[in-house]
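First residue of the sequence shown: 0, per numbering that gives the first Met the number 0; consecutive thereafter. Glycine included, C-beta positions come from ideal geometry on N, C-alpha and C. Have a look at the structure below before the remarks.
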Amino acid sequence: MGTDKNWYKQAVGYQIYPKSFKDSNGDGIGDLQGIKEKLSYIKSLGVDFIWLNPIYASPQVDGGYDISDFYNVDPMFGTMADFQELLAECHKLGMKLIMDLVVNHTSNKHEWFIESQKSKDNPYRDYYLWADATEDKMPNNWRSFFGIPAWTYQKQTKQAYFHIFAAEQPDLNWKNPKLRDEIYKMVRWWLGEVGIDGFRLDAISHIQKMDWDFKLKSFNGDDPWEPFMNVAGIEDYMRALKDIFDEYDAYTVGEASGVRSNNGAADWTDKKTGFLNGIFELEHNWRLPDGRGDIYGYKKVVTRWQKDLLERGWNALYIENHDMPRSISIFGDGSITSAKALAVQYMLLRGTPFIYYGQEIGMSNYPFKDISEVKAEDTRTHYFNALKDGLSEKEAFFRNVLNSRDVGRTPMQWTGEKYAGFTTVKPWMAVNPEYKTVNAEKSVELFGLYQNLIKLRHDEKAIQDGSIKFYFERSKQVFCYMRDEFLIIVNLSSQSGAVKFVDKQGELEQVLGSRQRTFVPNMRLQPWEYQVFKK
Ligand code: TEU
Ligand code: CA
């Protein structure tokens with residue numbers, strides 16, 4: 000699809016967490032036919048493509064990021080035929096569809112790993128990373144992102160296998176050419192045979208590891224992840240992937256933590272020589288001790304990425320995803336007014352914006368009351384680790400549950416009816432109690448604003464790949480930038496704010512605004528006020 004190689008610069012993506020979008024067959028779990036039913040809703044928002052979180056066969060230890068068969072859809076979502084229907088319908092509506100590509104690891108129930116475990120000379124042994132160990136001495140002291148050691152010991156061969164997420168997610172050995180060929184074959188199958196339009200590459204900066212004797216300097220900050228963050232040698236694997244993506248004209252966006260804005264990001268996303276069409280930075284997700292998003296920190300990170308990728312490279316923009324709490328809850332004050340300001344400030348930056356299902360109607364964090372309500376393994380581990388580390392129950396709950404990624408994975412709120420119109424039975428995860436007032440039928444204003452922002456991006460060259468210049472960088476609350484002839488001003492605070500332009504702006508006309516306003520160099524902004532002016 001798509002002959003214009005630059006289409007993604009004016010495009011907007013919509014991310015769907017399939018388990019929570021729409022249940023079509025009354026088992027309480029979202030599915031592919033459910034998504035198909037709702038395509039016209041997605042289309043009406045104006046987006047250009049959909050990114051589906053994993054729908055592959057999976058034991059669901061990590062929300063589908065533990066894949067047991069790359070070539071099949073998990074039965075709870077439907078069949079391959081359902082998938083083909085969904086894809087065809089997307090294309091008919093002029094939307095593309097991309098899928099998660101999870102190739103840092105598989106499930107421990109994948110047939111490769113089942114084989115690999117059997118013996119040291121099994122043909123699949125080197126598909127994974129094994130090293131000599133004893134029950135109480137692991138090959139090194141590296142840690143997993145999920146708060147556990149990065150090694151799991153197996154008696155029968157007296158070795159341990161390596162995993163940077165759950166123990167049920169053994170890491171693949173990219174140094175093995177046979178493994179790489181299997182991955183490349185699978186990538187070709189989805190792009191060529193099935194015909195999807197591209198991938199969101201999961202945890203891709205981790206596929207290369209340092210030698211096992213690398214010693215961790217500390218367990219704080221970024222250091223514990225250093226041995227598997229964008230490690231030298233990864234370029235070769237990325238280049239090989241890129242060659243395949245090009246054959247199929249695929250759109251690709253990477254989750255590439257550890258690739259720095261000023262060192263790597265431009266190379267990874269350079270139009271001619273890069274590997275991917277864009278990458279998500281993960282730095283802006285850092286939170287204040289009270290669990291809130293850090294507006295000033297967010298501004299600084301985003302501004303730096305925008306500047307560093309101005310000459311070369313491309314950003315992928317987002318304020319929510321399946322790993323983060325809802326933006327209205329952590330950056331906003333819970334009001335739709337704040338959700339609107341959050342929408343405007345990021346949708347007009349340079350890059351390809353993504354909207355996480357429900358963000359367009361102002362869905363907020365699920366108010367968990369007790370750890371027993373939490374199913375997600377990693378959240379539970381983090382919570383119980385915090386208790387072991389001496390935190391009070393209240394504190395551990397606050398840090399690791401109320402601000403965990405599960406609070407943003409609740410069923411989509413379609414209507415004010417029972418179960419929010421998502422399903423007809425008790426859903427796999429509770430519906431947010433706010434659904435009677437916050438749902439797709441009620442939230443037309445916020446939805447309408449997203450439509451307008453998407454339209455601006457589609458229509459205006461300046462918003463697509465115009466330049467960017469920042470104002471008031473030291474302001475703790477006002478985010479303000481110029482995209483050629485467009486001036487965007489957003490007050491990201493429930494306090495009023497002020498701006499004072501010293502350089503001459505000339506005549507400006509209002510394009511969008513939370514209230515009517517004539518541009519003057521000195522303006523007092525209302526809480527969460529947004530304005531878009533044009534020269
Ligand atoms: O997340 C990966 C992820 O967050 C890390 O790779 C990240 O680099 C690190 O935390 C940086 O500090 C992805 C998915 O989005 C997530 O849902 C999965 O659980 C995970 O990969 C494993 O597949
Ligand atoms: Ca279902």
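Taken through DSSP and simplified to helix, strand or coil, I318 comes out as coil.
The alpha helix (DSSP H) runs lying completely inside the segment 42-108 and spanning 4 residues or more are 79-91, given in chain order.
In the structure shown, W141 adopts coil according to DSSP, grouped into three states.
In the structure shown, the three-state DSSP call for V477 is strand. According to the DSSP assignment, D483 belongs to no beta strand (DSSP E), since it is labelled neither H nor E. Along the length of the segment 214-271, whole alpha helix (DSSP H) runs at least 4 residues long occupy 233-246 and 264-268, reported in chain order. Excluding the 5 residues flanking it on each side, K136 has no same chain C-beta neighbour closer than 8 Å. Here the segment 248-268 lies against the segment 219-228, with 3 or more beta-carbon pairs under 8 Å apart.
When the five nearest sequence neighbours on each side are left out, the beta carbons in the same chain lying within less than 6 Å of the beta carbon of K533 are those of E484, F485, E508 and V510, in order along the chain. Excluding its 5 nearest sequence neighbours in each direction, E319 has C-beta neighbours in its own chain below 7 Å: R325, S326, Y355, Q358 and G407, listed in chain order.
Looking from the CA of E246, the closest CA among W285, D289 and E192 belongs to E192. Those residues that have a beta carbon less than 5 Å away from any non-hydrogen atom of ligand 1 are, in order along the chain, D61, Y64, F144, F164, D201, A202, S256 and D322. Checking the 6 Å criterion, the Cβ of N276 is out of range of every heavy atom belonging to ligand 2. Annotation: the continuous beta strand (DSSP E) that includes M522 extends over N521 to L524. At the C-beta level, G146 and H381 come within 7 Å of one another.
By the 16-neighbour rule on beta-carbons within 10 angstroms, S328 is buried. In this model, G29 and D73 are separated by some 12 Å (Cα to Cα). Assigned with DSSP and collapsed to three states, Q158 falls in strand.
For the options N262, I195 and G232, the alpha carbon positioned closest to that of D248 is the one of I195.
For A497, the enclosing beta strand (DSSP E) has its first and last residue at G496 to K499. In terms of side-chain proximity, the C-beta atom of I28 is found nearer than 6 Å to a non-hydrogen atom of ligand 2. CA-to-CA, the gap between T78 and S403 works out to about 31 Å.
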